[in-house]
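Numbering (my numbering), first residue to last: 9 to 280. Backbone N, C-alpha and C fix where the C-beta goes; we use that ideal spot for every residue, glycine too.
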């Protein structure tokens with residue numbers, strides 16, 4: 009339990025500092041600063057120029073992700089979307105534009121500094137169909153079956169209880185709802201210890217799942233039509249990936265009755 013609390017606090021501290029840095033200077037921030045500042049494997053560079061031009065500078069600067077989940081999820085007019093670990097709000101603001109005035113976009117984040125930044129960005133963008141709420145991605149303060157789509161950008165790898173996150177996503181989705189997630193995924197041959205050697209938990213590396221682990225975890229939570237597709241390499245044996253899955257339209261108790269599969273315990277290491 010102590011290790012779990014310590015890891016969560018490390019993540020909270022790291023992202024609070026990133027938000028404060030952006031608000032203070034509108035500079036670059038990243039979950040793993042060195043690669044994000046020297047190439048385009050992480051951060052705002054993964055969005056189209058058109059998307060970046062339509063957003064506040066601070067929203068783009070605070071982008072900490074490894075992909076563009078709003079494109080992955082193929083959002084439609086009138087849908088309700090939830091972004092897990094919404095950070096500075098870039099994916100919530102893009103989602104709000106895609107679902108239009110008849111739709112709605114939520115963001116959940118545990119870090120007060122990020123929530124303050126996201127709300128300021130939403131106000132600057134004039135977005136009225138958005139809401140940012142405080143909570144963890146393992147325990148989201150929204151009702152059952154309240155969203156059509158769940159997105160996330162390089163955040164689930166930071167969770168210390170991934171089975172709970174996947175079960176929580178299932179709970180939040182309407183029957184027939186779907187996920188469109190960008191995350192760091194490890195190649196199958198990397199053990200948890202080898203992942204930890206390549207980077208820290210807060211650096212988006214040590215907590216990465218392999219493709220089979222992601223697929224089996226989603227299936228255990230009750231999802232179907234599961235796919236994990238690598239997009240670009242972000243490290244030795246590590247890739248940004250697109251994760252898709254659907255909650256069955258007729259599912260009622262699959263998440264509650266599915267067998268909880270234990271995902272690997274990873275080791276801590278220094279940041280990046």
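With contact defined as three or more Cβ pairs closer than 8 Å, the segment 216 to 227 and the segment 148 to 155 are not in contact.
Relative to the Cα of residue 229, the nearest Cα in the group 244, 179 and 245 belongs to 179. For residue 159, no alpha helix (DSSP H) run applies; the uninterrupted beta strand (DSSP E) run containing it begins and ends at 155 to 161, by DSSP.
Take residue 91, set aside five residues on each side of it, and the residues of its chain with a beta-carbon closer than 6 Å to its own are 99, 100, 115 and 159, in chain order.
Between the C-alpha atoms of residue 236 and residue 112 there is a straight-line separation of about 27 Å. For residue 255, the secondary structure class from DSSP, reduced to helix, strand or coil, is coil. The beta carbon of residue 109 lies closer than 7 Å to those of 137 in the same chain, with the five residues before and after it left out. Rounded to whole angstroms, residue 215 and residue 105 show a C-alpha spacing of 32 Å.
Distance between residue 143 and residue 126, taken at the CA atoms: about 14 Å. At a Cβ-Cβ threshold of 8 Å, residue 203 and residue 194 count as neighbours.
The three-state secondary structure of residue 183, taken from DSSP, is strand. In this structure, the beta-carbon distance from residue 156 to residue 140 does not fall below 8 Å. At a Cβ-Cβ threshold of 8 Å, residue 192 and residue 248 count as neighbours. Boundaries of the beta strand (DSSP E) around residue 92: 88 to 92. For the pair residue 200 and residue 135, the Cα-to-Cα distance works out to about 41 Å. Counting every other CB atom within 10 Å of its CB across the protein chains shown gives residue 176 a total of 16 or more, marking it as buried. Distance from the Cα of residue 169 is smallest, within the candidate group 197, 225 and 119, for 225. DSSP lists 246 as the beta-bridge partner residues of residue 243. Counted as a single uninterrupted DSSP element, the beta strand (DSSP E) harbouring residue 113 occupies residues 112 to 117.
By the 16-neighbour rule on beta-carbons within 10 angstroms, residue 131 is exposed.
When the Cα atoms are used, residue 181 and residue 173 turn out to be separated by approximately 12 Å. Judged by their CB atoms, residue 245 and residue 77 are not nearer to each other than the 8 Å cut-off. In this model, residue 133 and residue 81 are separated by some 22 Å (Cα to Cα). Membership of residue 139 in the beta strand (DSSP E) is indicated by the continuous run 138 to 142. Under the 10 Å beta carbon count, residue 253 is surrounded by 16 or more other beta carbons and is classified as buried.
Linking residue 84 to residue 166 through their CA atoms gives a straight-line distance of about 28 Å. Assignment of residue 126 by DSSP, reduced to helix, strand and coil, places it in the helix class. Classified as buried, residue 97 has 16 or more neighbouring CB atoms from the shown chains inside 10 Å of its CB.
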